[in-house]
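A.B. asks:
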Amino acid sequence: MLESFIKSLAGVPWLELLITGTVKGSMYALIALGYTMVYGILQMINFANGEIFMIGMFATVFGIALLSSLWGSFAAINLILGVVFAVILASAYGYGSERIAYRRLRNAHILAPLTSAIGLSIVLQQFISNVVGNQPFTFPNYYSDPFAWRVVTLVQGNPATGAGDVGISMLQVCILTTACLLMTALFYMIHCTRVGIAMRAVSQDRLMASLVGIPVNHVIAFTFIVGSSLAAVAGTLFSMYTTTLTWSAGTASGLKAFTAAIIGGIGNIPGAVLGGLLIGIIEDFTIAILGAQWRNVILFAILMLTLILRPRGLLGERVADKV
Amino acid sequence: MLKLENVHAAYGPVEVLKGINLEINPGEIVALLGANGAGKSTTLLTSAGVVATTGGQIWWEGKPLLRPSPDVVLRQGICLCPEGRHIFPRLTVKENLLSGSYLLPKSRDAAKLDRIFDFFPVLKERLQQLGGTLSGGEQQMLAIGRSLMSEPRLLMLDEPSLGLAPQIVQRIFSIIQTINKEGTPILLVEQNAREALRIAHRGYVIVTGEIVLTDTASSLLNSDEVRRAYLGEDE
Amino acid sequence: MSTPEATPAPAPASGPAPGRATAAPWWNAFVPFLVGLVAVLVITFPFIWLRFELQPSGEVYARWDVKGGVDFWQNMGPVCLIGLGIGLLAHAYNAWGLQRYTDQVWLPVKPWTQSLYAPLVAYAVIVAYGFSGHMGFALAPSPTTLNLGIQVGIYMILAMGLNIVIGYTGLLVLGYAGFIAIGAYTFAILQKPDFIPGLPWWAGIPIVFIVGGAVGWLIGLPCIRLRGDYLAIVTLGFAEGVRELAINLEVTGQTSGILLRNASKIGLAPDKPTILAWVLLLVIICAAAIYRIYHSPLGRAWIAIREDEVAAGAMGIPVVRMKLLSFALSSAFAGVGGLLIAAYTGFVSPDVANFNNSVTVLAMVILGGLGSLPGVLLGAGILYLLPELLRGYVDFEYRLMIFGALMIIMMIYRPQGLLGTSRHAIELKGG
């Protein structure tokens, strides 16, 4: 057993895994940002963020389908407008969830908003599974195929068959670029704009923020909207990348993104990005070395290790325990 | 300008304000004096929209004051600088100040900042420092500066001298006077009754949720009752 | 306290009333509700009324799905009515001071529900009813009813166990199914010929109790001194991990699970009335044990931690140890429940560790009343009977969705649960 394990280790295409892992990780990071922002501002885990990601997935395809029926299939326009549709719809869900399930529980014991969040994520997940269907759907490849060509070939495999080639596809480039752009925009927004100052002020002292004239409810709602939009974009990218849409993807990816947020230090925005990348890379290596069925076990082991060795996360500064 | 008419307020079953009547005219500094737990801070918090009233009416410039939440009150022109300063510890001094002018036109920020730096030159040196790393006096200055950023037409200060060295208290009080002379009326709550009455025009004395005495500051300073109750023991 | 939405100027729909000059019309309170309803209808519209159709060319088109939409709302109709009813009741309860009247009804009842005689009498009655079929009684329970009763009993034990950690100590556990699976698999593996073939189920109870407790203790060790939400997420991950381990390992039979050897012989009892009697007896034993613990210094320490951790620590309560103990104890009861499930169905599969299972038990605890033993038993009963009652009106797939909605509604309107104490309400609402 050990022998075969070592043998499989030797044949690992580490460069390829590093690339696919980074791509996957950047999408996890986008979801993790939603978790970490809401946690930073409300000290509460928004479990439903994973489901918003899943809704973003389906909303993209619905948007594209609507537009195709309206004026025909134009790949680029429909895709972009589909993403916009998904972002708007997911933001509406994020805002609605804040309004319905969290706002009245803002000053309550920690158990109350947490329970409500779980209830909400069950409702959203079951809603999609009941309404859209249990079967996994494939992403319409008319829209994802134009991205399939290889931009760079890093390692030349068999020149005749092309087997063993390692390269970066256009889709991967697009995902990485989008993720980088969104993250840069987010950093800029949080550190250099008034909304960002207001968000940080609310996260540090909610009553005082209100006393200096910051409309706290609006700022919190805005945080949810930003987090949901990021999750929705991640949903689109993820469904294009894995080519499947399922109702259970929200829980699966949500758990990973949440683990990423904890590993990076929850409430810490660069931490969420770092954690997301780490989780993505580790996941792909686990799949290649041990097999896909082991990835959640490894994920859980990493989560436990982080909590034992560094409970505040890699970049976290805040004391995790109640102050 | 601000007029409290028979205002009642309660924390759960405990009634804290039992019919407060209070009025502030344009250009005034009004001191609100009283022992611990008399309801001074609650009066301010009620006017600022943090605590709900259980009875009575608050008038602002002839109209009822809308108080669904503190930021709405602030947008009508009343700013409370609460007790204990409450600086945002992980924002820089500049960001702390700018947080006060959220929703106001950006173009006026620079002028307002300059005015605040005239009052408190220290803040200009500390502009990029985190709020939590300032000393107590600097934090108080920052808190007052942050309140000024929201262009208040009435400034309510809760215990600005709390826990500060006497010299700094003097400085802050003289700056409060300057702010007032530039046209902003001020409602001042203070434990330090002598200092407060020295700069105030009028004063109210509040005992267990009711106004028991009101007069000009100078006659309050000389009244035996106030001397015995607030000046003799506190000093 | 709700605040108005957009601009500050116009009179807000809600807020501290005495600050206003004129009274708002009565329907003002319903405006946000109606706006919300319309918004929900709009944002759920594409998912409910549209389908997308993938073409072989890879294109995708949308089409109306009237049947699907009608189907959905037919299912949601009764649910919405129930939700509306609960909401109105809760509103009336809070707004019109109905608490006084219900207290008059409930207060004399409470000592009765908490005394030991009541459950014993109920036990005797139910068991007699269960066996009444043997005596040729006309209205004897059908096998389906008996089956339901047994399942309710098992879930009562699970809910009581989860209540220890959520209700008493105030820690949220999301992966309770993981611990149920640990119990079930432990028993199933011990049954195998290589270990103790023919191990009777009652002899397995102490073993799974210890194993479950030990696993809970190990899992809790690193994360229990952190904030409460960490435990929630760690246990969630744990349940997923257990499920995957069960799928992967050979000893657990991978995806096919383990069929207990001679299921009929090792199973709880030869016939269903006897099984029901045994399960209910176990429920009473567990309830009595938990009741005793709750009213011991240990239970008071848990309550103290739930109410104020810092103060509890300052009073000399070893906070971390007490939390660990409650967590371990709760997972030990999960183990017992898992054993019963395994022994009753004669079969263990990785599905035991499903998230759905955790949610079901969690919803029972929250519905019945956090920290209230009779409340939790009631919650288990209601949540098991509710799908039965709705059968024919609502598809079975909507069950979990209803549970989720129930959790939100309960947290907003009655966070202490149906039979919870008002003290818990203040604490949960942050009074």
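Protein chains in written order, with our numbering: chain A, 219 to 541; chain B, 56 to 290; chain C, 21 to 451. The C-beta atom is built at its ideal place from N, Cα and C for all residues, glycine as well.
If we cut at 8 Å on Cβ distances, does alanine 294 (chain A) have a partner in chain B?
C.D. replies: Taking Cβ atoms only, chain B never reaches closer than 8 Å to alanine 294 (chain A), which makes this a no.
A.B. asks: Touching or not, the stretch 195-209 of chain C and the stretch 412-419 of chain C, by the rule of three or more beta carbon pairs under 8 Å?
C.D. replies: As far as the Cβ criterion goes, the stretch 195-209 of chain C does not touch the stretch 412-419 of chain C, which means the pair count is below three.
A.B. asks: My understanding is that leucine 260 (chain A) touches leucine 400 (chain A), with C-beta atoms under 8 Å, so please give their C-beta distance in whole angstroms.
C.D. replies: Going by Cβ atoms, the distance from leucine 260 (chain A) to leucine 400 (chain A) rounds to 22 Å, so no, they are not a contact pair.
A.B. asks: If you compare alpha carbons, which of C:Ile428, C:Gly97, C:Leu251 is closest to leucine 194 (chain C)?
C.D. replies: Of C:Ile428, C:Gly97, C:Leu251, the residue nearest in Cα terms is C:Leu251.
A.B. asks: What's the gap between the Cα of leucine 508 (chain A) and the Cα of isoleucine 224 (chain A)?
C.D. replies: Approximately 11 Å, taken between the alpha carbons.
A.B. asks: Taking 8 Å as the CB-CB limit, is leucine 533 (chain A) close to chain C?
C.D. replies: No - not a single Cβ of chain C is within 8 Å of the one on leucine 533 (chain A).
A.B. asks: Mind checking who proline 119 (chain B) pairs with in its DSSP beta bridge?
C.D. replies: According to DSSP, proline 119 (chain B) bridges with B:Trp114.
A.B. asks: So is proline 529 (chain A) in contact with chain C if we call contact Cβ pairs under 8 Å?
C.D. replies: Yes, its Cβ sits closer than 8 Å to a Cβ of chain C.
A.B. asks: Using a Cβ-based criterion (distance less than 7 Å to any ligand heavy atom), does asparagine 296 (chain A) qualify as near the ligand MG?
C.D. replies: The ligand MG is absent from the structure shown, which contains no ligand whatsoever.
A.B. asks: Examine the Cβ distances between the stretch 206-220 of chain B and the stretch 232-240 of chain B and report whether three or more of them are shorter than 8 Å.
C.D. replies: Yes, the stretch 206-220 of chain B touches the stretch 232-240 of chain B.
A.B. asks: Is alanine 41 (chain C) buried or exposed, if buried means 16 or more other CB atoms sit within 10 Å of its CB?
C.D. replies: Residue confidence for alanine 41 (chain C) is low, a pLDDT of 44 falling below 50, so the modelled location carries little weight; the figure read from the coordinates is stated next. Exposed, by the Cβ-count rule.
A.B. asks: Starting from methionine 211 (chain B), trace the beta strand (DSSP E) in both directions and tell me its first and last residue.
C.D. replies: Where methionine 211 (chain B) is concerned, the enclosing beta strand (DSSP E) stretches over 209-213.
A.B. asks: Is the shortest distance between the beta-carbon of arginine 145 (chain B) and the beta-carbons of chain A less than 8 Å?
C.D. replies: Yes, arginine 145 (chain B) counts as interfacial toward chain A.
A.B. asks: Going by the CB atoms, is the gap between threonine 240 (chain A) and leucine 495 (chain A) shorter than 8 Å?
C.D. replies: Taking 8 Å as the Cβ cut-off, leucine 495 (chain A) and threonine 240 (chain A) qualify as a contacting pair.
A.B. asks: Establish whether the CB of valine 430 (chain A) and some CB of chain B are separated by less than 8 Å.
C.D. replies: Chain B, which has a Cβ nearer than 8 Å to the Cβ of valine 430 (chain A), makes this yes.
A.B. asks: Alpha carbon to alpha carbon, what distance is there between isoleucine 481 (chain A) and leucine 532 (chain A)?
C.D. replies: When rounded, the distance between both Cα atoms is 6 Å.
A.B. asks: To the nearest angstrom, report how far apart serine 447 (chain A) and phenylalanine 440 (chain A) are at their CA atoms.
C.D. replies: Going by the C-alpha atoms only, they are around 10 Å apart.
A.B. asks: From the DSSP output, which residues share a beta bridge with glutamate 329 (chain C)?
C.D. replies: Glutamate 329 (chain C) pairs with nothing; no bridge assigned.
A.B. asks: Using Cβ-Cβ distances below 9 Å, what residues of the stretch 269-288 of chain A are close to chain C?
C.D. replies: Listed by position, the residues of the stretch 269-288 of chain A near chain C (Cβ gap below 9 Å) are Ile273, Phe276, Ala277, Val279, Phe280, Gly281, Ile282, Ala283, Leu284, Leu285, Ser286, Ser287, Leu288.
A.B. asks: Count the other CB atoms, across all protein chains shown, that sit within 10 Å of the CB of arginine 312 (chain C); report buried if there are 16 or more and exposed otherwise.
C.D. replies: With fewer than 16 other Cβ atoms within 10 Å, it is exposed.
A.B. asks: Can you tell me where the alpha helix (DSSP H) holding asparagine 61 (chain B) begins and where it ends?
C.D. replies: No alpha helix (DSSP H) holds asparagine 61 (chain B); the beta strand (DSSP E) holding it covers 57-66.
A.B. asks: From glycine 103 (chain C) to tyrosine 418 (chain C), what distance separates their C-alpha atoms?
C.D. replies: Answer to the nearest angstrom: the Cα atoms are 14 Å apart.
A.B. asks: Who are the neighbours of tyrosine 157 (chain B) on chain A, taking C-beta pairs under 7 Å?
C.D. replies: Result: Arg412, Ala416, Gly431, Ile432.
A.B. asks: In the DSSP assignment, the beta strand (DSSP E) including valine 262 (chain B) goes from what residue to what residue?
C.D. replies: Where valine 262 (chain B) is concerned, the enclosing beta strand (DSSP E) stretches over 257-262.
A.B. asks: Can you tell me the Cβ-Cβ gap for glycine 274 (chain A) and alanine 450 (chain A), rounded? I've got them flagged as a contact below 8 Å.
C.D. replies: Between alanine 450 (chain A) and glycine 274 (chain A) the Cβ distance is about 3 Å, and since that is below 8 Å, they are a contact.
A.B. asks: Using a beta-carbon distance cut-off of less than 8 Å, what residues from the stretch 478-510 of chain A approach chain B?
C.D. replies: Listed by position, the residues of the stretch 478-510 of chain A near chain B (Cβ gap below 8 Å) amount to none.
A.B. asks: At a Cβ threshold of 8 Å, is proline 76 (chain C) touching chain A?
C.D. replies: Output row for proline 76 (chain C): interface = no.
A.B. asks: From leucine 299 (chain A) to alanine 283 (chain A), what does the alpha carbon distance come to, in whole angstroms?
C.D. replies: Cα to Cα, the separation comes out at about 11 Å.
A.B. asks: Any Cβ of chain A within less than 8 Å of the Cβ of serine 162 (chain B)?
C.D. replies: Not one chain A Cβ lies under 8 Å of serine 162 (chain B).
A.B. asks: Is any beta-carbon of chain B found at less than 8 Å from that of alanine 439 (chain A)?
C.D. replies: Not closer than 8 Å to any Cβ of chain B, the Cβ of alanine 439 (chain A) fails to qualify, so no.
A.B. asks: For the beta strand (DSSP E) holding phenylalanine 72 (chain C), just list the boundary residues, first then last.
C.D. replies: Per DSSP, phenylalanine 72 (chain C) belongs to the beta strand (DSSP E) from 70-74.
A.B. asks: Let me confirm a value: valine 356 (chain C) is counted as buried when at least 16 other C-beta atoms fall within 10 Å, else exposed. Which label applies?
C.D. replies: Looking at its Cβ environment, which holds 16 or more other Cβ atoms inside 10 Å, valine 356 (chain C) is buried.
A.B. asks: Measure the CB-CB distance between phenylalanine 456 (chain A) and glycine 261 (chain C) and report whether it falls below 8 Å.
C.D. replies: No, Cβ-Cβ distance for phenylalanine 456 (chain A) and glycine 261 (chain C) is not below 8 Å.
A.B. asks: Taking all protein chains shown into account, do 16 or more other C-beta atoms lie within 10 angstroms of the C-beta of histidine 409 (chain A), making it buried, or fewer, making it exposed?
C.D. replies: Exposed, because fewer than 16 other Cβ atoms sit within 10 Å of the Cβ of histidine 409 (chain A).
A.B. asks: Would you tell me roughly how many angstroms separate the C-alpha atoms of alanine 348 (chain C) and leucine 178 (chain C), rounded to the nearest one?
C.D. replies: Answer to the nearest angstrom: the Cα atoms are 14 Å apart.
A.B. asks: Following the continuous beta strand (DSSP E) through asparagine 247 (chain B), name the residue where it begins and the one where it ends.
C.D. replies: Segment: none, asparagine 247 (chain B) is in no beta strand (DSSP E) and carries neither H nor E.
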